[in-house]
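Chemist:
Residue numbers (our numbering): -10 to 75.
Written as structure tokens, this is what we have:
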């Protein structure tokens, strides 16, 4: 099964509360069971990446009455989980 998580925080990229711990542990447990798991996170200014590669250079996101533009970065793979940063 393919499982995708979208969250505002995840250990080891960013942490302010308990959500980061859950999003850090649950996807790894599902990957250990043999599922294909990916996690999408915001890339905050403080987020440090050892190496980042742009996966998608530009995405247009409709937001209220405007459009926002962002890119998707490869956050690497850990314990069978692929991480992407927006």
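Glycine included, C-beta positions come from ideal geometry on N, C-alpha and C. Just so we're clear, the structure is a prediction, and the values are computed from it rather than from any experiment.
Is the CB-CB distance between residue 71 and residue 18 below 7 Å?
Modeler: Within the chain shown, residue 71 is the residue found at index 82, counting from 1. Within the chain shown, residue 18 is the residue found at index 29, counting from 1. Not in contact: residue 71 and residue 18 (Cβ atoms no closer than 7 Å).
Chemist: Any idea what DSSP makes of residue 11, helix, strand or coil?
Modeler: What you label residue 11 is simply residue 22 of the chain shown in a count that begins at 1. Helix, per DSSP.
Chemist: Residue -4 to residue 41, Cα distance in whole Å?
Modeler: One-based indexing of the chain shown puts residue -4 at position 7. One-based indexing of the chain shown puts residue 41 at position 52. So the alpha carbons of these two residues sit roughly 19 Å apart.
Chemist: Quick check: what's the CA-CA separation for residue 23 versus residue 36?
Modeler: The sequence position of residue 23 within the chain shown is 34, counting from 1. The sequence position of residue 36 within the chain shown is 47, counting from 1. Going by the C-alpha atoms only, they are around 28 Å apart.
Chemist: When you compare only the Cα positions, how much space is there between residue 4 and residue 73?
Modeler: The sequence position of residue 4 within the chain shown is 15, counting from 1. The sequence position of residue 73 within the chain shown is 84, counting from 1. Their backbone Cα atoms lie some 16 Å apart in a straight line.
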